[in-house]
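As you go down the protein sequences, you meet chains V and X in turn.
Numbering of the first sequence is given in my numbering, commencing with residue 762 and proceeding in unit increments.
Numbering of the second sequence is given in my numbering, commencing with residue 762 and proceeding in unit increments.
Protein chains: 2
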Amino acid sequence: MTERDSPVLVADVGGTNTRVALARGRTLVAASTERFRNAEFSGLDAVLQAFLDRHRNRPERAAIALAGRVQGTQAEMTNLGWQVDAGAMAKATGIGHIALLNDLQAQGHALAHLPDTHLRRLRAGQPEEGPKLVIGLGTGVNAAPVYAAGAGHFVPPAEAGHIHLPLHGAEDYRLADWLTKRRGFASVEDVLSGSGLERLYAFHAQEAHSGTALNAEQIMAAMEAGDALAHATGRHYVRLLAQVTADLALITLPAGGVYFIGGVARAFAPWLERFGFESAFTDMGRFSDLVARFPVAIVEDDYAALSGCAAYVQAH
Amino acid sequence: MTERDSPVLVADVGGTNTRVALARGRTLVAASTERFRNAEFSGLDAVLQAFLDRHRNRPERAAIALAGRVQGTQAEMTNLGWQVDAGAMAKATGIGHIALLNDLQAQGHALAHLPDTHLRRLRAGQPEEGPKLVIGLGTGVNAAPVYAAGAGHFVPPAEAGHIHLPLHGAEDYRLADWLTKRRGFASVEDVLSGSGLERLYAFHAQEAHSGTALNAEQIMAAMEAGDALAHATGRHYVRLLAQVTADLALITLPAGGVYFIGGVARAFAPWLERFGFESAFTDMGRFSDLVARFPVAIVEDDYAALSGCAAYVQAH
Chain V
762 MTERDSPVLV ADVGGTNTRV ALARGRTLVA ASTERFRNAE FSGLDAVLQA FLDRHRNRPE
822 RAAIALAGRV QGTQAEMTNL GWQVDAGAMA KATGIGHIAL LNDLQAQGHA LAHLPDTHLR
882 RLRAGQPEEG PKLVIGLGTG VNAAPVYAAG AGHFVPPAEA GHIHLPLHGA EDYRLADWLT
942 KRRGFASVED VLSGSGLERL YAFHAQEAHS GTALNAEQIM AAMEAGDALA HATGRHYVRL
1002 LAQVTADLAL ITLPAGGVYF IGGVARAFAP WLERFGFESA FTDMGRFSDL VARFPVAIVE
1062 DDYAALSGCA AYVQAH
Chain X
762 MTERDSPVLV ADVGGTNTRV ALARGRTLVA ASTERFRNAE FSGLDAVLQA FLDRHRNRPE
822 RAAIALAGRV QGTQAEMTNL GWQVDAGAMA KATGIGHIAL LNDLQAQGHA LAHLPDTHLR
882 RLRAGQPEEG PKLVIGLGTG VNAAPVYAAG AGHFVPPAEA GHIHLPLHGA EDYRLADWLT
942 KRRGFASVED VLSGSGLERL YAFHAQEAHS GTALNAEQIM AAMEAGDALA HATGRHYVRL
1002 LAQVTADLAL ITLPAGGVYF IGGVARAFAP WLERFGFESA FTDMGRFSDL VARFPVAIVE
1062 DDYAALSGCA AYVQAH
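As structure tokens, this is what we get:
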């Protein structure tokens, strides 16, 4: 058994849960997959130790995806107090080599190997050879291109959720002013994240002089129930998402397709076309035809980041 | 003499002029550098033939940078009627192998080898290891990250000039509405290109109910002369450029620095700090500190694209 054949540990550390599994090559060992609630642990070391205690063979390698900024062997979790140091963690857990990567990067590495059954294709058009663009919509918002590179993929880090929200007309201007008054800035993430959706609903409630504060889940339920305010919010969300996506597509030219990931993306899957994603996405002036070439899909696999970690280990 | 040592032909095809030179390794043969006016030639084949007629040894390899979209061995010049086919051109000129690349990509390849004397550094801070971001401001606007890759660099193509102009406050909203009425869309290039600057001046003339149409050169001269309308235009240009640059910096995280290239960038070099580039660049809400880490410079070398072509040939 070569080192490449021995199982590797893969983990996906989110703001609330950490998923851990063993993988052989690019294949997750389904029976090994576990989910841990971060609040019950003192840190990532403790989570990994709890997982390893149940497995006889200590993996020699691990790749860990984290919702936060990774700099070499260090990571900082954006929405969690945890500091992660790969070297210290390797010592504490006895795993020889631990690679850290941003969770969006892990998703990027997964894209090449995702079966079509885990994708919901939004727009006509087949992906061609070329870069892919992955856009994460969840607790936070981020995006990254995925380039083929040697045996694996190159997914550069980004903080794309924090750019100016692209504005297109009077309703957007009012929203941007409203956000700037409350947040000091009107960023993409301020509107397109889970809490961003709640903000957008609050804005529409104020515009309509009605409605009360709802959380994201309640907004999705109200949309399902046909509530007019929720529909106005959802329609605006989808248009702004389309504007952001079109901008990022012109910056990265993803002939290989655009892929939405994350809980908010999955929740919006049934609504995107209905709320006019297509027409807003291709409303880019002289460059509408170019944007229209890029297919768009939603990744419906909750474990894609783990598969991405496995693909990363295999290629490095 | 190995093939690597024999001179290669490098060319930079702009909308108006084509620059051609021979290079040995990454070094341009200064005496060989020539500039041709495109209007006097039927196509790029004819330009290259005119150049080659003066040189005894036919180069075996060439790299040609073009202001236009390149797809494999084909290119289309954005502001010129020329269609370029590398295969047909190789046959016509007798050069064995011709690589085409976008001019911005060529500039990206040049960055690693530019002497500090060809750079005007705008902001404090030393470039660190990491991606660079090159932003072209000229007849058109575009931007691309530059990633280290093996022996050379990877500079993905982009159409970043055609995204939504990032708007920040009421003056920008009025400008965007004004542009949308005239152009159907308010893109970055609509304001930050050479003709974009002329548009921005016309907008400020209308806001001030005064002034007449000026071309870009006249606007720069009026700025130099202390004209109030030109100053308002210049100040707005610089703020919008800073907003665009900060967005692109959050998307690409250029620890290696941001580099402006092109004629409009060189013309604005003395004005950027004076018109508040720094404060607008770092006005990014919670992410101001991150953006502030990236150094910014202007490339003052008019022949950088030729050097980039030479570097590209050497690495491929």
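No residue lacks a Cβ here, since even glycine has one placed at the ideal position from N, Cα and C.
Cβ of residue i within 7 Å of any chain V Cβ
i	result
X/Asp-1008	yes
X/Pro-1015	no
X/Phe-709	Any property of residue 709 of chain X remains undetermined from this structure, which presents chain X solely from 762 to 1077.
X/Gly-899	no
X/Glu-837	no
X/Phe-1042	no
X/Ala-847	no
X/Gly-955	no
X/His-925	yes
X/Glu-920	yes
X/Tyr-934	yes
X/Phe-946	yes
X/Ile-980	no
X/Ile-825	no
X/Ile-1022	no
X/Ile-896	no
X/Thr-763	Low confidence applies to X/Thr-763: its pLDDT is 48, below 50, so where it sits in the model is not reliable, and the reading given next is rough at best. It does not; no Cβ of chain V falls within 7 Å.
Straight-line gap, residue i to residue j (C-alpha atoms, nearest Å)
i	j	result
V/Pro-1015	V/Arg-817	43 Å
X/Thr-900	X/Arg-1000	20 Å
V/Gly-1024	X/Arg-796	56 Å
X/Val-1019	X/Ala-1010	8 Å
V/Ser-948	V/Leu-936	11 Å
X/Gln-835	V/Thr-1006	28 Å
X/His-870	X/Ala-1066	8 Å
X/Val-1074	X/Arg-785	10 Å
V/Thr-1013	X/Leu-894	13 Å
X/Arg-822	X/Cys-1070	11 Å
V/Thr-763	V/Ala-791	Its pLDDT being 47, under 50, V/Thr-763 is placed unreliably in this model, and the value from its coordinates should be taken loosely. Those two C-alpha atoms are separated by around 22 Å.
X/Ala-1058	V/Val-1052	31 Å
V/Leu-958	X/Trp-939	30 Å
V/Ala-782	V/Arg-1047	47 Å
X/His-1077	V/Phe-1042	37 Å
X/Ser-1040	X/Gly-775	33 Å
X/Glu-932	V/Ala-847	48 Å
V/Phe-812	V/Ala-824	14 Å
X/Arg-1027	X/Asp-1008	21 Å
X/Ala-885	X/Glu-950	27 Å
X/Asp-1062	X/Gly-842	27 Å
V/Pro-984	V/Ala-991	It should be noted that the sequence gives Met, not Pro, for residue 984 of chain V. Those two C-alpha atoms are separated by around 5 Å.
X/Pro-1031	X/Leu-880	13 Å
X/Pro-1056	X/Ala-963	32 Å
Burial state of residue i, where buried means 16 or more other Cβ atoms lie within 10 Å
i	result
X/Asp-1050	exposed
X/Asp-773	buried
V/Asn-799	buried
V/Arg-765	In this predicted model, V/Arg-765 has a pLDDT of only 49, less than 50, meaning its place in the structure is not dependable enough to derive any value.
V/Gln-832	exposed
V/Pro-876	exposed
V/Asp-814	exposed
X/Gln-844	exposed
V/Asn-778	exposed
X/Arg-1104	Absent from the structure is residue 1104 of chain X, since the part of chain X shown begins at 762 and ends at 1077.
V/Arg-819	exposed
X/Ala-986	exposed
V/Gly-1017	buried
X/Val-1060	buried
X/Gly-857	exposed
For residue j and residue i, believed in contact at Cβ under 8 Å, the rounded distance
i	j	result
V/Ile-897	V/Ile-1022	This sequence places Gly at residue 897 of chain V; Ile is not what is there. Rounded, the Cβ-Cβ distance is 5 Å, consistent with contact.
V/Ala-905	V/Pro-917	6 Å
V/Ala-993	V/His-970	Incorrect: roughly 13 Å between the Cβ atoms, too far for contact.
V/His-914	V/Ala-873	6 Å
V/His-923	X/Met-1045	7 Å
X/Leu-928	V/Leu-928	5 Å
Contact with chain X by residue i, beta-carbon distance below 7 Å
i	result
V/Glu-968	no
V/Phe-1048	yes
V/Gly-775	no
V/Leu-872	no
Validate contact between the region 854 to 864 of chain V and the region 828 to 837 of chain V using beta carbons, cut 8 Å, 3 pairs: Taking a cut-off of 8 Å for Cβ pairs, the region 854 to 864 of chain V and the region 828 to 837 of chain V touch, as three or more such pairs fall below it.
Given 8 Å, three or more beta-carbon pairs between the region 986 to 997 of chain V and the region 1032 to 1047 of chain V: With a cut-off of 8 Å, the region 1032 to 1047 of chain V and the region 986 to 997 of chain V count as touching, because enough Cβ pairs lie within range.
Stretch pair the region 836 to 854 of chain V + the region 802 to 809 of chain V: three plus CB contacts closer than 8 Å: Look at the beta carbons and you see the region 836 to 854 of chain V touching the region 802 to 809 of chain V: at least three pairs across the two are nearer than 8 Å.
At least 3 beta-carbon pairs within less than 8 Å: the region 974 to 985 of chain V vs the region 931 to 946 of chain V: The region 974 to 985 of chain V, when compared against the region 931 to 946 of chain V, does not touch it at the 8 Å Cβ threshold.
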